[in-house]
Amino acid sequence: MRRRKRRHRGLWIGLSLLILGIVLILSVNITTITITGNKKYSAEQIEELLFDGQWGKNSLYSYYQSQFKPHKQIPFIEDYEIVFQNPVSVEIIVYEKSVVGYVSYMSSYMYFDKDGIIVESASSKLEGIPLVTGLEFGQIVLNQPLPVENQQIFERVMNLTQVLTMFELQTDRIHYDDHGNVTLMIGEIEVYLGDNQEMNGKVSRLADILPELWGRSGTLYLDTYDENNGDKWYSFIPRAK
């Protein structure tokens with residue numbers, strides 16, 4: 128009888144300790160979050176997207192979700208890692224999709240990468256990514272190349288977007304006319320670059336000139352770029368008020 132009582136007492140103690148342990152584990156929450164690799168989303172937005180719900184920041188629940196469940200699908204995010212430094216501190220490493228431009232298609236914005244692949248469809252515009260107009264294309268399919276009719280023009284688009292990225296220039300819109308001439312819209316400045324000749328030189332000079340035109344509106348003509356002719360080859364015409 129005494130042995131049975133001691134056994135029962137031991138079971139109750141073990142069960143109590145188990146319950147206490149579970150309660151303690153479930154009460155441990157993530158308090159420190161470090162986020163790297165994010166440009167399109169703020170740190171606060173990433174945190175809200177990944178740690179939503181009542182148990183979102185619980186350490187055990189979050190670890191289980193990140194290690195054994197499919198990662199959340201987030202627009203413009205290729206993938207992410209949640210690295211636990213300790214039970215209350217994590218680092219989130221964000222891997223964003225490479226996006227260089229977008230086109231308007233059936234009331235949606237279709238974003239493409241440097242290879243011309245449609246990587247995202249969204250109903251809202253992404254800050255810092257230019258709208259590309261003047262292209263003729265067929266039916267767009269996600270994760271497939273943008274089906275442009277004139278492949279040569281599209282190759283020029285790819286080249287231009289990469290050159291703009293190289294010189295850290297953000298444009299609102301890139302427009303190609305029927306002859307392949309390109310015009311950029313940067314705030315209130317319209318920049319006429321002309322054909323594809325000497326594009327690196329034109330964009331390089333644009334990067335130098337833009338600070339001088341800050342706060343102004345008008346058209347900057349860079350289509351007659353000549354690296355051997357100083358600043359005489361370009362002109363700026365202010366917009367009439």
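So the sequence shown is numbered by my numbering: it starts at 128 and just counts up by one. Glycine included, C-beta positions come from ideal geometry on N, C-alpha and C. As the structure is a computational prediction, the values presented were derived from the model and not from experiment.
- Residue pairing by DSSP places S344 opposite no residue, since no beta bridge is assigned to it.
- The beta-carbon distance between S344 and I316, rounded to whole angstroms, is 7 Å. This is short enough to meet the 8 Å contact definition.
- Per DSSP, N213 is one residue of the beta strand (DSSP E) stretching across 204 to 213.
- Bounds of the alpha helix (DSSP H) holding Y190 are 186 to 195.
- According to the DSSP assignment, V290 belongs to the alpha helix (DSSP H) that extends over 278 to 293.
- Within the model, the alpha-carbon separation for L320 versus Q192 is close to 50 Å.
- Apart from sequence neighbours up to five positions away, the residues of its chain that approach L296 with a beta-carbon distance below 8 Å are I313, V330, L333, A334, L337, ordered along the chain.
- In the DSSP assignment, L333 falls within the alpha helix (DSSP H) that extends over 326 to 336.
- In this structure, DSSP gives I173 a helical state, which the three-state scheme calls helix.
- E208 and D322 have their C-alpha atoms roughly 43 Å apart.
- Only residues of its own chain outside the window of five on either side were considered, and among them Y236 have a CB closer than 7 Å to the CB of K252, listed in chain order.
- Y190 is a Cβ neighbour of F211, given a cutoff of 9 Å.
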